[in-house]
Structures are given as C-alpha cells and as structure tokens.
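First comes the structure, then the notes that go with it.
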Amino acid sequence: MTDEILAELNPKQREAVETVDGPLLIVAGPGSGKTRVVTQRIAYLIRVCGVSPYRIAAVTFTNRAAREMRHRLTQLLGPNIRDLSAGTFHSFCAMVLRREGEAIGLDRSYAIYDNSDQIDLIKRSMKEVDVDPKSFAPRAVLSAISSAKSKLLDVAGFRLAGESYFDEIVLRVYERYEELLSQSSAADFDDLLLKAHFLFDKFPEIAKKYQDRYVHFMIDEFQDTNVVQYSVAKQLSQTHRNLCVVGDPDQSIYSWRNADIRNILSFQTDFPEAKVIVLEENYRSTQTILDAATSLIATNTQRVEKELWTQNGKGASIVVREGYNEEEEAQFVIRDIQRLNRGEGDDVTRRYSLGDVAVTYRVNAQSRALEEACLRYGIPYQVVGGLKFYHRQEVKDLAAYLRLVANPDDDVSLARVVNVPLRGIGQRTVDELTRLARDSETSMFAAIESLAQSKEKGTGVSGRFAQRSTQALIGFRDLIKGLANQAESMSEDTPVDLVGLIDLVLNRTGYKRHVMEESERGEERWENIQEFRNTAEDLVHLGVHDALTEFLERVSLVSDIDSLEEKPDAITLITLHQVKGLEFPVVFIVGMEEGILPHTRSMEDPAALEEERRLCYVGITRAKERLYLMRAFRRRVGFRGGSEPSTPSRYLTDIPSEFILTEREPPARTRATKWASSAPRIESAMAGVVTRRRASKPAAPEAATAAFSVGDKVRHATFGAGIVMSCKPSGTDFEATVAFKDHGAKRLLLSFAALEKVE
DNA sequence: GCGCTTTGATTTTTT
DNA sequence: ATCAAAGCGC
C-alpha cells in the first residue's frame, strides 16, 4: 500500500508526503503536482500512519477543489473517508458556528449574507447614521469594513485603529451595520471567519474540542489566505502542531480580498521548527511556455526566488496575435480554435477537442464578444461565472423567502420580498417599519409582530401606519409563519421534503404566478426557478429543517467555479482569477493590453502592478501545450460606444521574443468592410498594419452560396437537429437563425457553421 | 401605493 | 449604453 501511494512521486514530492510530524510548508510552483501531493499525503496519513479521517481537516480555496480531493481519495481509499473535513475556510467555519455559535449569541438558524446582501445592509446602515451615499460609496465603506474584519478588527478594535476622517465615517456605519446583523441573526462572509476566531478565543473548552480532534490540518492555496483564516488555522492546530500549508507566492492574486502573503513569512516565524519543501519540477507545460512564464515573473521585485524546470520538450511557440478590435480578436480566437480542432497548422501534430481549450480574460465583460463570436461560428462554449446563477433576481427572491422561513429575523431578505409580488406594502410603509424596528431594537419581523399585538389590544404604535398597511403587514407575517409551521410539521411524518417546501413557498407567496404572468422574461425566469428547485433535490433524504439549512448554506457559499463541468465538446470562457488551479492543453489570454491587463485600476500602484503580473503568470502557466496571447488594436472603453486605441500590455515585453511567433494573419473576411465603414478616419494611420497582415488570397465564402429557406430541417455537427427560423445575407456571408432541438436558438454564419440540410 | 418618466451613476478580480 | 434611484401624476 505504501508503495502504491508513493509510486510515481519524485523525491521532493515523496518527502512532502512522508513528512507527517510537525509543521510543514510546501512551496509548490505551477504544475508541480501540488494537488497530487496534497491528496497522496492525506492518503498516506490514513493508510500508512493509521490516522482516522475524522482527525484530518483539509481546507481548500473552492468547494470544487474540496470535492475533487474527496473524489480522488474515495477512489484511492474507498468510502470510509466520509468523516474527513474538507471544504473552504468559509464552509468549515459556517459548520462550526452552526454547531457552537450559540455560545457567542449566534442563532442556530443564522443567515449568511453574501456580497449583495451586505451592500443592502450597508446602505440601510448609512441611511440610519446619516452618511450620504453620494459622498461615500457604499462599496468603499463595505470594503473598508471587510478589510477591518479580515484583520481581526471588530468595532472596538477598529475604533482604536482608525486614523482618517474616512475611518470615522466607516466606524459609524460599522457600528450600526453590526447591530443590524445581530438583530437579523445574520453573519456576513467575513463574520464566518471572524466569529469562529472569537469563538475559539473566548471559549477555550470549545476550541479544545476541535484542537484535540484535528490531529492534522492542511491548507491549500495558502498564499491567498487572510489574517483571520491563518489565525483560525493556528488556533486549531495548537494541540498537535501538525499544520501543513501549501502555496505559491507567485500565484498570490487575491490581495484585494485581503489575502495577506505575509502569512507565509508569519508561518515560518510562528513555527520556527517548520520544514520547508520546494517543488520546482513542472510536469504540465512545454519548455517554451515555462520559459515565458519564468521570464515574466522574474520581472517582479517582490518575490521569493524559485527555479522552475521541466523535462518536457520545447513544444510550439507562443502565438501573439492582434485583432483590429474586440470583435476581431474574438474572431481570431475562434478561427485558431477551429484550426486546432481540425488539426491544421505548421506545428500542430494532433487534433484538439473543444474541451481542451480555455479562453481567459481579466474582466467578465470581455466574455461578451467571445460569446457572440461562439454563437456566430457555432462553437459550443461554457462561461464560468459572469451571469451568476445565484445572483439572478428570481433566484435571490425565492432564496429570500426560504431564508425567511428558516429565520424570520433576516431583515435583508424581508425587505427584499415583503412587497414581491405587490401586497400594498410600499416604500412608505417599509420606511416606517424600519423606524419602528430601530426604536424597539428588534428585527423588522419582530416589529410587525408587536404591531399586530398592539393592534389586538388597541394600543399604541399601530397609529403610525395606515389601516390597510397594518393589515398587509400582518398578512405577510401570517404567510411566513404559516410556511415556517408547515416546514416544522413536515419533518414529522415527512410526506413532503425540501422540494415540497419550495413548491409550497412558490404557491402560497404568489411568487409563481407573479413570475409566470410576467410577459417579457417570465418563461426564462420560471426556468431558472425550476433549475434552482432541482438543485434542492439531492437533499431530500434529509429532514426538511436540516435540508433547508444545508441548502441555504450552499446557496450562499457556492462559487461559480464549483459548478464547472468538464465538457469535452465545449470551450471554457473564464476569468484569470477563476482559472487558477486548472489546466488546459490550449490557453488563450485575450486583452493583452495596457488598461485591461494590467487593469487601469492597478496602474497607480507598483504592488498592484506586480499582482497583475502574477495574474498573467497564472494564466500562462495554465497552458500545457499551446499558448495564445491576443490583443485588440482598439477597444471599446466603457459604455460610450466609442473605441480607443490601445497599447500592448507591458507583460508582453517581459516575454523574450525568441519564444514568440507573430504569425502573418490572413484578414478575416469582414475586415475590409469593417474598416471602411466603422473607422474610416484611422485608415491611413493603420495602412502599415494592413499591408503587413494582408493575406495572399482573399478568403472565399465556400459553402455560403447555398442559402437555406425558412423551415428547412438541418443538422449541425455539434448542435444536432434544428429548423431554420430565418436566413439573411450578412456581408459576403449568410446568417441563419436556427432553432435546435436540444440547444435552443443559435445565430450561425453559414460559411463557418457546418450546416447540412436533411431530407 | 404604484407606475411612468427623468436623472444620475456606473469601470476588476470573488469566498 | 444600461440600469438603478428619484420625482411626479394618478
């Protein structure tokens, strides 16, 4: 068994796996088999050292990483690893707080507030302490509070630490914000960590329980942890001191989320006996890609030296390509992908499937041009994040109802849905209710409750509301109470489960009808609700109460990357941040321009510029075989429609030209017309570039001549059967809208999309 | 209280 | 350009 676990590990990796006593720091360069080492180390602990999985905690950066680790371990060791604690810091702390939170006054059914919930509550806090949102952006205030919390500063601590006038303002909001959170029985993202820390700090007997339990504690992506996370880890590994952290300073890209790279230094001071193992052999990328990455990152001054090497071959050159604008950049991406897919090109030795390809970018907005190009040319794709399923209005609304059922004191959720669908509870009434809650220092729901009671007795406060408003509020209270009672009684004889509860909520609240009656996007939104409902299905084995808690926690803590699936026949569109930890045979980075990468917001600050460079490094090192660095000559900046010339990213000049191949690029067929029509004024300035890239032969629209008629039944290589809805000339081409049986409507350019008429 | 029109602000990355 | 908040008439 030992052999099986240690097989195929290099000496360093092996040493990392076998070092099980005492603190350990593993510095793991990209592609150095880090995931494997972490997994094998756990397997080794369990199988060889006989440690019970129950005594091991492994903290990862995303739930997805945790799930994968669990999966691999199950394959290796079988199902008995169920007791292993594996998850993100946030989910780990959420679990602890769910169990122990009552010690620090946190209700068992506490709500978890995500970013947009936080913003809602910050806005309300600002209003209540008279801070003008026009003078102080709620986002900025929130980020100040979040940053404070990430450094272990609660309100009292912040009061002492604050320096500026802005800090004074923030303090006022912070105080109120905390009161509101507490009244709502809610914790925000930062609280999950912070409250866990305070819990362990103030209640040593609770801390001891966990300290004794976790004989081994591992943290992956340690360079992206913040001060609180590290503190919690230290607290928990106090008894056994078997803390193993794995990270790469060169891949630290979350300082804006208060991640503190100094944790790595602190670790070595806090655990002077710590062993340090550096993994430098790269198994992922070609020599060329690795050399490029190494040259790039060497430009950074703030760095721990590390020498990556590989036994892999030289491989293909890196392709740098410039499109005229964002659309053409996307078009070039698609065309390169199609070529790779067909196995064409000078040094292309195999056919790449679409699943082999990732297209990465700095900001989500860049996905749009790419998506449009994919639709036009019939390339199936999946976007990670961006649209954010859980952030859609209808999903958040339904979640808010469910949260209210679990915890009626949740003010943010109440304010969100109290008048959706319309119940005659307008702004005026909500304002008055907020005031009432504030005066009596309770949640809004409790305020309605006392309103109802004083109305029965004919006393006091109800006079502040119109008769109808009071009635409407009481109606809402009864609605939520009724649902909560149902949820409770369900757990008894369980004829109904969580899905049943969701249906009940949809019907009773009138939300179902509300959405379905909506003319514009009603159907789409209903489908989203269905999808949301489906995700509850794998929790039906639990009692309704537990299922609801688990479900809501999941909804709050999932990340977009968690739902990424490996689709062999679709390319992946993903941000540079989210792509960390993944690898693909072919990687495109688009927007290699000043202002995009590095982003404008980082250009003032040298430290931020180095982080942007690390981001670029992360992108490059995702590639196993082929790397494409794309840029647009002009890019639309913001919303005003006009595009502005851009400068190539400084990071391009960090890569020695010997690794780069700047191919002569035949013009896209739309190029000539596009330039003539959309940018006549710059034609002369661009003349040199035009000739340099001019193709010898104008691309002929091959299949485009055979236009389809509306109603034709067609077949597409990837989308399958469909019917032509419309077909019109588009430049030298034809653009058809086809309704596919299984993939919905797509717009396709006939010369690119292989459409075949059937019958 | 609701819905329509106008005005104003928005531009990073995300557990 | 797009979307949210604010203003205004019903």
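In the numbering used here, the protein residues as written are -16 to 742. Each residue gets a CB set at the ideal place from its N, CA and C atoms; glycine is no exception. Please read these numbers as outputs of a predicted model, since none were measured by experiment.
(request) Less than 8 Å between the CB atoms is what I'm expecting for Phe567 and Ile301, so what's the real figure, rounded? (result) Taking the first residue of the first sequence as 1, we reach residue 567 at position 584. Taking the first residue of the first sequence as 1, we reach residue 301 at position 318. Not quite, the Cβ-Cβ distance comes to about 15 Å (not below 8 Å), so this is no contact.
(message) Using only the alpha-carbon positions, how far apart do Ala86 and Ala190 sit?
(response) Taking the first residue of the first sequence as 1, we reach residue 86 at position 103. Taking the first residue of the first sequence as 1, we reach residue 190 at position 207. Spanning the two alpha carbons is a distance of roughly 12 Å.
(message) If you follow the alpha helix (DSSP H) that Glu608 is in, where does it begin and where does it stop?
(response) Looking up residue 608 in the first sequence gives position 625. Not the alpha helix (DSSP H): Glu608 falls in the beta strand (DSSP E), residues Ala606 to Ala615.
(message) Let's see if you can read the secondary structure: which residues bound the alpha helix (DSSP H) around Asp486?
(response) The residue given as residue 486 occupies position 503 in the first sequence. Looking at the DSSP string, the run of the alpha helix (DSSP H) that includes Asp486 is Leu481 to Arg491.
(request) With DSSP as the reference, label Ser626 as helix, strand or coil. (result) Along the first sequence, one-based indexing puts residue 626 at 643. Ser626: strand per DSSP, three-state reduction.
(request) Verify whether the separation of the beta carbon atoms of Lys289 and Thr271 is less than 8 Å. (result) The residue you call residue 289 lines up with position 306 of the first sequence. The residue you call residue 271 lines up with position 288 of the first sequence. Taking 8 Å as the Cβ cut-off, Lys289 and Thr271 do not qualify as a contacting pair.
(request) Measure the C-alpha to C-alpha separation of Arg19 and Leu612 and round it to an integer number of angstroms. (result) In the first sequence, counting from the first residue as 1, residue 19 sits at position 36. In the first sequence, counting from the first residue as 1, residue 612 sits at position 629. Approximately 29 Å, taken between the alpha carbons.
(request) Please specify which runs of the beta strand (DSSP E), each continuous and at least 3 residues long, are wholly inside the region 75 to 119, giving them in chain order. (result) 94 to 96
(request) Within the same chain, show all residues whose beta-carbon is closer than 6 Å to that of Phe372, passing over the 5 residues directly before and after it, in chain order. (result) As a working note, residue 372 is residue 389 in the first sequence. So the list is empty, once near-sequence residues are dropped.
(message) Once the 5 residues before and after Arg698 are set aside, which same chain residues still bring their CB inside 7 Å of it?
(response) What you label residue 698 is simply residue 715 of the first sequence in a count that begins at 1. Ala704, Glu739 and Val741.
(message) Please list the terminal residues of the continuous beta strand (DSSP E) segment that includes Gln513.
(response) Stepping through the first sequence from its first residue, residue 513 is reached at position 530. No beta strand (DSSP E) contains Gln513, which is instead part of the alpha helix (DSSP H) from Gly505 to Thr518.
(request) Inspect the CB distances between the region 35 to 48 and the region 255 to 269 and report whether three or more fall short of 8 Å. (result) no
(request) Report the rounded CA-to-CA distance for Phe186 versus Gly84, giving the unit in angstroms. (result) In the first sequence, residue 186 corresponds to position 203, counting from 1. In the first sequence, residue 84 corresponds to position 101, counting from 1. Going by the C-alpha atoms only, they are around 11 Å apart.
(message) Can you tell me whether His54 is helix, strand or coil according to DSSP?
(response) Within the first sequence, numbered from 1, the residue matching residue 54 stands at position 71. His54 falls in the helix class under three-state DSSP.
(message) What does DSSP give as the partner residue(s) for Ala11 in the beta ladder?
(response) The residue you call residue 11 lines up with position 28 of the first sequence. DSSP lists Leu262 as partners of Ala11.
(message) Please classify Met761 as buried or exposed, where buried requires at least 16 other C-beta atoms within 10 Å of its C-beta.
(response) Residue numbering for the chain in the displayed model covers -16 to 742; residue 761 lies beyond these limits and cannot be assessed.
(request) Would you list the residues sitting across from Gly578 in a DSSP beta bridge? (result) By one-based count along the first sequence, residue 578 stands at place 595. His582, per the DSSP bridge assignment.
(message) From the DSSP secondary-structure annotation, give me the bridge partner or partners of His199.
(response) For the purposes of this step, residue 199 is taken as residue 216 along the first sequence, with counting starting at 1. DSSP lists Ile39 as partners of His199.
(message) Ile572 and Thr277 - do their beta-carbons sit closer together than 8 Å?
(response) Within the first sequence, residue 277 is the residue found at index 294, counting from 1. Within the first sequence, residue 572 is the residue found at index 589, counting from 1. Contact: no.
(request) Would you check if the distance between the CB atom of Ile95 and the CB atom of Ala120 is smaller than 8 Å? (result) Here residue 95 refers to the residue found at position 112 of the first sequence. Here residue 120 refers to the residue found at position 137 of the first sequence. Result no, Cβ atoms of Ile95 and Ala120 do not sit closer than 8 Å.
(message) Within 10 Å of its beta-carbon, does Lys607 have 16 or more other beta-carbons around it, so buried, or fewer, so exposed?
(response) The residue given as residue 607 occupies position 624 in the first sequence. Buried.
(request) State the Cα-Cα distance for the pair Asp243 and Thr208, rounded to the nearest angstrom. (result) By one-based count along the first sequence, residue 243 stands at place 260. By one-based count along the first sequence, residue 208 stands at place 225. When rounded, the distance between both Cα atoms is 6 Å.
(message) Quick check: the Cα distance between Gly12 and Leu337, rounded to an integer number of angstroms?
(response) The count along the first sequence starts at 1 and reaches residue 12 at position 29. The count along the first sequence starts at 1 and reaches residue 337 at position 354. The straight-line gap from Cα to Cα measures roughly 27 Å.
(request) Determine the direct distance from the alpha carbon of Asp339 to that of Tyr364, and round the result to whole angstroms. (result) On the first sequence, residue 364 is found 381 positions in, with the first residue counted as 1. On the first sequence, residue 339 is found 356 positions in, with the first residue counted as 1. Looking at the two C-alpha atoms, the distance is approximately 12 Å.
(request) Over the uninterrupted beta strand (DSSP E) stretch that includes Val303, give me the two end residues. (result) Working through the first sequence from its first residue, we reach residue 303 at position 320. Here the beta strand (DSSP E) through Val303 covers Ile301 to Gly306.
(request) Can you give me the Cβ contacts of Ser585 inside the same chain, cut-off strictly under 8 Å, excluding the 5 residues immediately before and after it? (result) Locating residue 585 in the first sequence gives position 602, counting from the first residue. Correct list, in chain order: Ala591, Leu592, Glu594 and Glu595.
(request) Assuming Leu135 contacts Val210 (C-beta within less than 8 Å), just tell me the rounded distance between them. (result) Along the first sequence, read from residue 1 onward, the residue named residue 135 stands at position 152. Along the first sequence, read from residue 1 onward, the residue named residue 210 stands at position 227. 6 Å between Cβ atoms; contact.
(request) Please state whether DSSP places Thr277 in a helix, a strand or coil. (result) Reading the first sequence from its first residue, position 294 is the one you call residue 277. Helix at Thr277.
(message) Taking its Cβ as the centre, do 16 or more other Cβ atoms sit within 10 Å of Ala670, making it buried, or is it exposed?
(response) Residue 670 sits at position 687 when you count from the first residue of the first sequence. Residue placement at Ala670 cannot be trusted, given a pLDDT of 25 that sits under 50; the coordinates are not used to answer.
(request) Assuming Val743 contacts Ala398 (C-beta within less than 8 Å), just tell me the rounded distance between them. (result) As displayed, the chain neither begins before -16 nor continues past 742, which places residue 743 out of reach and without an answer.
(request) Check whether the region 170 to 179 touches the region 126 to 142, taking contact to mean three or more Cβ pairs, one atom from each stretch, closer than 8 Å. (result) yes
(message) Within 8 Å, do at least three Cβ pairs link the region 344 to 358 to the region 422 to 438?
(response) no
(message) Checking 8 Å against the spacing of the C-beta atoms, do Ala345 and Leu559 come in under that value?
(response) Locating residue 345 in the first sequence gives position 362, where the first residue counts as 1. Locating residue 559 in the first sequence gives position 576, where the first residue counts as 1. Going by the sequence as given, residue 345 is Arg instead of Ala. Yes, they are a contact pair.
(request) Could you tell me the distance, in whole angstroms, from the CA atom of Glu500 to the CA atom of His528? (result) By one-based count along the first sequence, residue 500 stands at place 517. By one-based count along the first sequence, residue 528 stands at place 545. Using only the alpha carbons, I get a separation of about 31 Å.
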